[in-house]
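For the sequence shown, the working numbering assigns the number 428 to the last residue and increments by one with no breaks.
Comments concern the structure below.
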Amino acid sequence: MVAPAEATMNIAADVPVAPLKEISYRIASTQYERRAAFNLVYEAYVETGLIEPNDFEMRVTPYHLLPTTNVFIAVYQNEVIGTVSLIGDGELGLPMDCIYDREVNGLRDRGYSLGEVSCLAHRRQQVKQTLPLFVQMTRLMAQHSRQNGMDQFLIAVHPRHAQFYMRFMGFEQIGSQKSFPSVRNNPAVACALNFPRIDVERPACYSQFFGTAIPREELQSTPMNALEVEEFADAALEGGLTIPSLMC
């Protein structure tokens, strides 16, 4: 589930604010970067009541262990201060299948290549403006996705944030409000972003996302190796998230 406003972590006031020009954005490629991203999501989600604490102090899902998932990060002074995950439709399907299977299967039946945006979090007090950080992470994610043939982004988002995604990014609502089990039954609505459609309609974000091409080498991903999968597997099973099923 994407929760842009809730999934922000408050930190001590004496932590330095990151100048936007000094923040770098990339696809996580090491165990350290992934662990830092998973910890950031965990701390933000616990603080905002979306999940219960766990001994691993990480928010990892079974989908993160698959090569079809990528973690995008914002980094300042070697610290991950923002992250978002893109879960490609694959071996386990998508997290939102557990409540929006009819809607998602309808898109699959039409031949679309899908990815679900999830696990969005950032350290609010380390950036003066959170929207530019969100835009830059999402820009990287969008260009990476299009280079790899993805047709649509899907999100399960809190209803009070859905309008932002529709107005700014061009998402369309495809599913009614439901309770999302993996975030303590918080409400969600399903939305989809169709890339060919926004190429024509050009929503507010379009030039920021696609106006300048990111070098191809920066769009290459590095899947988890076997040792990393083993390292994160126990955390991924925390809270009853079983790998063989499509539980959220």
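Note that the Cβ used here is the ideal one computed from N, Cα and C, for glycine as well.
Item                                                                                                                                                                                 : Value
In three-state DSSP terms, what is GLY348?                                                                                                                                           : In the sequence as displayed, the identity of residue 348 is Phe instead of Gly. Looking at PHE348 - three-state DSSP - the assignment turns out to be helix.
Which residues does DSSP list as the beta-bridge partners of SER298?                                                                                                                 : SER265
Going by the beta-carbon positions, is the gap between SER298 and ILE267 smaller than 8 Å?                                                                                           : yes
Suppose you measure from the CA of PRO199 to the CA of ALA254; what does that come to, to the nearest Å?                                                                             : 12 Å
Any contact between the region 329 to 338 and the region 360 to 375? By contact I mean 3 or more CB pairs, one from each, below 8 Å.                                                 : yes
Might you give, ordered along the chain, the residues of its own chain that have their beta carbon closer than 8 Å to the beta carbon of VAL240, omitting 5 neighbours on each side? : PHE218, PHE412, ALA415, ALA416 and GLU418
Pop quiz: LEU246 and GLU271 are said to be a contact at Cβ under 8 Å. What is the actual Cβ separation, rounded to whole angstroms?                                                  : 6 Å
Is it buried or exposed for PRO184, if we count other Cβ within 10 angstroms and need 16 for buried?                                                                                 : The predicted position of PRO184 is uncertain, since its pLDDT is 42 and thus under 50; a value taken from the coordinates is nonetheless stated next. Per the 10 Å Cβ criterion, buried.
Let me know if ALA208 comes out buried or exposed under the rule of 16 or more other beta-carbons within 10 Å of its beta-carbon.                                                    : buried
Using C-beta distances below 6 Å, list every residue in its chain close to GLU283, excluding the 5 sequence neighbours before and after it, in chain order.                          : ILE354, GLY355 and ALA370
For ARG382 and PHE236, what's the separation of their Cα atoms in angstroms?                                                                                                         : 42 Å
For PRO312 and GLU296, which I take to be in contact (beta-carbon distance under 8 Å), what is that distance rounded to the nearest angstrom?                                        : Incorrect: roughly 24 Å between the Cβ atoms, too far for contact.
Between which residues of its own chain and GLY420 is the CB-CB distance below 6 Å, once the five residues before and five after are set aside?                                      : Legend: pLDDT at GLY420 = 48, less than 50; position of this residue unreliable, value from coordinates given subsequently. So no residue of the chain qualifies.
Let me confirm a value: ALA216 is counted as buried when at least 16 other C-beta atoms fall within 10 Å, else exposed. Which label applies?                                         : buried
Measuring alpha carbon to alpha carbon, tell me which residue in GLN316, SER359, PHE344 and SER362 is nearest THR392.                                                                : GLN316
Hey, LEU300 and VAL251: beta-carbon distance below 8 Å or not?                                                                                                                       : no
Which runs of the alpha helix (DSSP H) spanning at least 4 residues fall entirely within the region 330 to 391, listed in chain order?                                               : 339 to 344, 375 to 381 and 386 to 390
Whose C-beta lies closer than 6 Å to the C-beta of SER401 among residues of the same chain, with five residues either side of it excluded?                                           : ILE207 and ASN250
Judging by CA-CA distance, which residue of ALA342, GLN257 and MET404 is the nearest neighbour of LYS201?                                                                            : GLN257
For PHE218, report the span of its alpha helix (DSSP H) as first-last.                                                                                                               : 211 to 227
Less than 8 Å separating the beta-carbons of VAL363 and ILE231?                                                                                                                      : yes
Among SER204, THR210, ILE203 and TYR205, which residue has its Cα nearest to the Cα of LEU407?                                                                                       : THR210
Apart from the five residues on each side of it in sequence, which residues of its chain come closer than 7 Å, Cβ to Cβ, to TYR292?                                                  : ASP331 and GLN332
Whole angstroms are fine: how far does the CA of LEU287 sit from the CA of ASP281?                                                                                                   : 10 Å
Give a yes or no on whether 8 Å exceeds the smallest Cβ distance from VAL240 to chain C.                                                                                             : Reference to chain C is not applicable here, since this structure consists of a single protein chain.
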